[in-house]
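Below you'll find the structure, written out as C-alpha cells, and then a few comments.
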Amino acid sequence: MQVLDVLIIGSGFGGQCSAIRLKKAGIENFHILERRSFPGGTWCQNTYPGAAVDVQSPLYSFSFEPYPWSQMFAEQNELEQYTKDILSKYDLNSKTTLNANVNAVHWDEAEKHWVVQTNDGSTYRAKFVINCSGPLSMPSIPDFKGRDTFAGTSFHTNDWQHDYDFKGKRVAIIGSGASAAQIIPAIVSDVAQLHVFQRTPHWVMPRHDRVFTPSQRKWLSKHWAYKALRASIYWGLETRVVGFKYSQRLLKLFAQDKAMRHLKKQIKDPELRQKLTPDYTIGCKRIILSSTLYPALSQAHTTLYDKNQGIAQITPTGITTMDGREVALDLIIYSTGYDATDGAVPYPIVGRDNASVQQFWSEFPRAYLGTTMPNLPNFFLMIGPNTGIGHTSAIFIMEAQSNYITECIAHILKNKLSTVEVKPEAEDKYTTMIHSEMKKTVWAKGGCHSWYQSKSGHVIAMFPGFSFSYRNLTRHVKWDDHIVS
Ligand SMILES: Cc1cc2nc3c(=O)[nH]c(=O)nc-3n(C[C@H](O)[C@H](O)[C@H](O)COP(=O)(O)OP(=O)(O)OC[C@H]3O[C@@H](n4cnc5c(N)ncnc54)[C@H](O)[C@@H]3O)c2cc1C
Numbered sequence: 386m387q388v389l390d391v392l393i394i395g396s397g398f399g400g401q402c403s404a405i406r407l408k409k410a411g412i413e414n415f416h417i418l419e420r421r422s423f424p425g426g427t428w429c430q431n432t433y434p435g436a437a438v439d440v441q442s443p444l445y446s447f448s449f450e451p452y453p454w455s456q457m458f459a460e461q462n463e464l465e466q467y468t469k470d471i472l473s474k475y476d477l478n479s480k481t482t483l484n485a486n487v488n489a490v491h492w493d494e495a496e497k498h499w500v501v502q503t504n505d506g507s508t509y510r511a512k513f514v515i516n517c518s519g520p521l522s523m524p525s526i527p528d529f530k531g532r533d534t535f536a537g538t539s540f541h542t543n544d545w546q547h548d549y550d551f552k553g554k555r556v557a558i559i560g561s562g563a564s565a566a567q568i569i570p571a572i573v574s575d576v577a578q579l580h581v582f583q584r585t586p587h588w589v590m591p592r593h594d595r596v597f598t599p600s601q602r603k604w605l606s607k608h609w610a611y612k613a614l615r616a617s618i619y620w621g622l623e624t625r626v627v628g629f630k631y632s633q634r635l636l637k638l639f640a641q642d643k644a645m646r647h648l649k650k651q652i653k654d655p656e657l658r659q660k661l662t663p664d665y666t667i668g669c670k671r672i673i674l675s676s677t678l679y680p681a682l683s684q685a686h687t688t689l690y691d692k693n694q695g696i697a698q699i700t701p702t703g704i705t706t707m708d709g710r711e712v713a714l715d716l717i718i719y720s721t722g723y724d725a726t727d728g729a730v731p732y733p734i735v736g737r738d739n740a741s742v743q744q745f746w747s748e749f750p751r752a753y754l755g756t757t758m759p760n761l762p763n764f765f766l767m768i769g770p771n772t773g774i775g776h777t778s779a780i781f782i783m784e785a786q787s788n789y790i791t792e793c794i795a796h797i798l799k800n801k802l803s804t805v806e807v808k809p810e811a812e813d814k815y816t817t818m819i820h821s822e823m824k825k826t827v828w829a830k831g832g833c834h835s836w837y838q839s840k841s842g843h844v845i846a847m848f849p850g851f852s853f854s855y856r857n858l859t860r861h862v863k864w865d866d867h868i869v870s
C-alpha cells in the first residue's frame, strides 16, 4: 500500500504554490489530483472573450517568479502561458494525475492517514491533504423557470464554447459582475443585439492599463526590479483597506466619488445612468475596473434590463421579462458566478470520530487561519473561509498560507511524528476575532448582498484586515494552538 506524504487536490495557483513550497522544503513525496483533462486552474479554464486579471500582473504572480508581462493587467492567454511555464519549470506535470475528480476524503485513524477517492474508482492514501479546489471553480446557474426549454445555444462563462460563432447573433448575458464586465465590451461590436440582465449594479472605476515596452519587460525579468515594482503596487493597493475597514468617509472621497464621476462622464442617458447607479457603499461588492464597459452599454443595439425588468421565464425562443417583454435570442451567456459561499469544498470530508467539514460548517464555513479545523488532523484548506481579499492579489495570500501549511507538514515529517491538528478553542478564538473585526468592514455594513456572505449572513469570503496582517499571522506556526502527536 503506497502512502504519499502529501496529496494536493487541484492544480491551480493554490496547488502549484503548495507543491513548490513542499519542494523547496525538501518534501518530494507528494502528488496532485486534478479533475479536469488539463492542469492549471482558473486561467486555463476561463477563456471567454476579454478575460483578464484585475490586479496588476507583477503582483498577481508568484513573488519568486518574475515574468516579463506584456501589459500591467495581463490577459488570459498570457496568464495561461505563465501557468504553463510554472508547471513545467517546477516539473509539476509529472506529479499530476488528470481526470481525477476527488469525490470523497476520509481519515483512517488506525493508519493515521487520509484515504482519498476519485470518480474513476481509484483510491489514494496520504499523511497530509491540501485542498486546493479553488474558491471560484464550481460554476453556478440559478434555476430559472423554463431554462431547459431554450432551443438556442447557452453556456456559462466558465465554459465558453469557442466553436459557437456569436457574430451577428442576438445575445443575452445574464449577470453583470466581473466576468460580464469583461465580456460585454469584448463582444459588443460583433453581435446584432446585446441584452444584459443585471440584478444589482456594480461600482465601476477606470482601468489604468499600460503596455510595457521591450526594455521595461527586460527589467521585469530581473528579481530586484520585479520586487521593487511589486512593492510599490502592493502598498498602493493596501491603502484601500483603510477605507474598506476604518473610514467609509475616505472610501467615499477617494473611491465612490471617483466611480460616480466615471459613470457620469461615460453614461449620458439619465435613465441608463440611474439603472447603473448602485445603492450601496463602494467596495461592499467587488469593484469592477473597466474603461470600456459603460461605452459598450451605451451602444444603440445594447439593452440593459434592471431587477424590475428581470427574467420571469426562459422560453424556447428567448427570455420573457418580468415587465412582459419577449426577447428573442440565439445565445444565452450565463455570467452567474460560482458556488462560492456555503459549499466551498466540492466533496465530503470525514475526519476523526466521523467529524465532517460539512457538519462543522453547518452554521457557516470557518477555519483557523482559514486553513485548519478541529478533528481534521493533517488536513489543510488553501483559500479557505475568510482568506479572500478584494483589494490585492489572491496569490499573495496563497504564499502566506503556504508558510503555515509547509511548516506544519515539515515539522511532522522531519520529527517522525504523526499528526498536527488545531485545538478547538484556538479555532473558536480565531473565528470569533475574525467576525468581530468583520463588523467594522464595508462587506458587513456597506448595505449590499454579495457572494462574500454565507446564507447565515456572516461574511465568510473576506479577511477583515490588511493582507500583511494575515501574512504575519501565518508566518510561523503557533504550536500552543495545536495538538501534535
Ligand atoms: C474569471 C476569474 C477571474 C479572476 N480574477 C482574479 C483577479 O483578477 N485577481 C485575483 O486575485 N483573483 C482572481 N480570481 C480568483 C482566482 O480564483 C484566484 O486568483 C486563483 O486563481 C485561485 O487559484 P486556486 O488554485 O485556488 O483555484 P483554481 O484556479 O480554481 O484551481 C482549482 C483547481 O482545482 C480543481 N478541482 C476542483 N475540485 C476538484 C476535485 N474535486 N478533484 C480534483 N480537482 C479539483 C479544479 O479543476 C481547478 O483546476 C479570478 C477567478 C475567476 C474565475
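Sequential numbering of the sequence shown, starting at 386, is according to the working numbering. We treat Cβ as the ideally placed atom computed from N, Cα and C, and that holds for glycine.
Excluding the 5 residues flanking it on each side, residue 648 has same chain C-beta neighbours closer than 8 Å at 589, 658, 661, 662, 679, in chain order. Annotation: the continuous alpha helix (DSSP H) that includes residue 827 extends over 827-830.
Per the DSSP secondary-structure output, residue 821 pairs with nothing in a beta bridge. Runs of the beta strand (DSSP E) spanning 3 or more residues and lying entirely within the stretch 686-714 occur at 687-690, 696-699, 703-706, 711-713, in chain order. Contact check for residue 818 against residue 844 fails: the beta carbons are separated by 8 Å or more. The stretch 714-721 makes contact with the stretch 533-542, as at least three CB pairs between them are under 8 Å.
A distance below 8 Å separates the beta carbons of residue 780 and residue 446.
The way I'd put it, the stretch 558-574 does touch the stretch 663-683; three or more beta-carbon pairs between them come closer than 8 Å. Taking residue 848 as reference, the option from 864, 785, 795 with the minimal CA-CA separation is 785. Judged by DSSP secondary structure, residue 539 falls within the beta strand (DSSP E) whose first and last residues are 538-541. The residues 788, in chain order, have a CB closer than 6 Å to that of residue 860 in the same chain once the five nearest residues on each side in sequence are set aside. Annotated three-state conformation of residue 796 is helix, per DSSP. For residue 512, the uninterrupted beta strand (DSSP E) segment begins and ends at 508-516.
Rounded to whole angstroms, the separation of the alpha carbons of residue 856 and residue 557 is 42 Å. With the rule of 3 Cβ pairs closer than 8 Å, the stretch 803-813 counts as touching the stretch 744-758. By the 16-neighbour rule on beta-carbons within 10 angstroms, residue 638 is exposed.
Bridge pairing for residue 487: 503 [DSSP].
At least one heavy atom of ligand 1 sits closer than 7 Å to the Cβ of residue 445. Residue 449 sits away from residue 592, with the two beta carbons spaced by 8 Å or more. Taking the Cβ atoms as the reference, residue 433 lies roughly 17 Å from residue 580, outside the contact range of under 8 Å. Contact check for residue 422 against residue 483 passes: the beta carbons are separated by less than 8 Å. Per DSSP, the beta-bridge partners of residue 416 are 392. Going by beta carbons, residue 606 and residue 453 fall inside the 8 Å limit. Listed in chain order, the non-local C-beta contacts of residue 698 below 7 Å within the same chain comprise 530, 531, 705, local neighbours out to five positions each way being set aside. Within 10 angstroms of the beta-carbon of residue 487 lie 16 or more other beta-carbons, which makes it buried.
Beta-bridge analysis with DSSP links residue 869 to 805. Selection 451, 803, 388 evaluated against residue 609 yields 451 as nearest (Cα-Cα). Beta bridge pairing from DSSP links residue 482 with 418. Short note on residue 394: C-beta closer than 7 Å to some heavy atom of ligand 1. Remark: C-beta atoms of residue 760 and residue 724 do not approach each other more closely than 8 Å. For the pair residue 665 and residue 832, the CB atoms are nearer than the 8 Å cut-off. For residue 398, the CB falls within less than 7 Å of some heavy atom of ligand 1.
Fully enclosed alpha helix (DSSP H) runs of no fewer than 4 residues occupy 599-605, 608-623, 633-636 of the stretch 598-637, in order along the chain. Not a single heavy atom of ligand 1 lies less than 7 Å from the C-beta of residue 770.
From the listed residues 473, 480, 438, 476, the smallest Cα separation to residue 464 is found for 438.
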